[in-house]
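Below is one structure, written out as C-alpha cells; comments come after it.
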Amino acid sequence: MLLFAISISLNVYLVGKSFVMKKLIEPTDEEEIMLSEMVQKTVESEDYKHLAKKEDIIAIQAGVDKFKGGSFPYTLEVSVKTDKQAYLFYCTDDKCTKVDNGGWTYSIYQDENPRLP
1 MLLFAISISL
11 NVYLVGKSFV
21 MKKLIEPTDE
31 EEIMLSEMVQ
41 KTVESEDYKH
51 LAKKEDIIAI
61 QAGVDKFKGG
71 SFPYTLEVSV
81 KTDKQAYLFY
91 CTDDKCTKVD
101 NGGWTYSIYQ
111 DENPRLP
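The numbering of the sequence shown is UniProt numbering, which starts it at 1 and goes up by one.
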C-alpha cells in the first residue's frame, strides 16, 4: 500500500510539474502573435542594424521567459543568434513600441555550423 501511495504521489508531482513548466515556457496564442510582431520590430531596430553590419546573423528565435519575473510584455524576448554570440532583444516600455538589445549570451554557432544545408 505504501508503494502504491508513493507511486501515485510521484506521478501527480511529475504531471503537475510538467504542466506548470509548460505554462511558464510555452507562449499562449496571444503571446505568439506579439512575438511575431516583436521579431519585426527587432529587425527594424537600430541595434539590430548595427549588429548585422559587424556579425553574420544565422537565426532569430522568439520566446517567453516567465521565470525571470516581471509583467507582460517584459517576459517576451527575441534572440538573434550570430556566429559569435546570441543577442537578446526586449521591449523598452509597457506597450512595446520599441525593442532594444538588452543582453547577450552564448551562441551554439560558436562551436557548430548552421543546421540547414
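Just so it is clear, CB atoms sit at the ideal spot from N, CA and C, and this is done for glycine as well.
- Counterpart residues of Ser79 in DSSP-defined beta bridges: Gln61 and Leu88
- Message: Please return the same chain residues whose Cβ sits closer than 6 Å to the Cβ of Asp100, not counting the five positions on each side in sequence.
- Response: Asp47 and Thr92
- Task: Indicate whether Ser107 and Lys81 have their beta-carbon atoms separated by less than 8 Å.
- Result: yes
- Item | C-beta atoms of Val39 and Val64 nearer than 8 Å | no
- When we look at the beta-carbon of Thr75 and count the other beta-carbons within 10 Å, is it buried (16 or more) or exposed? buried
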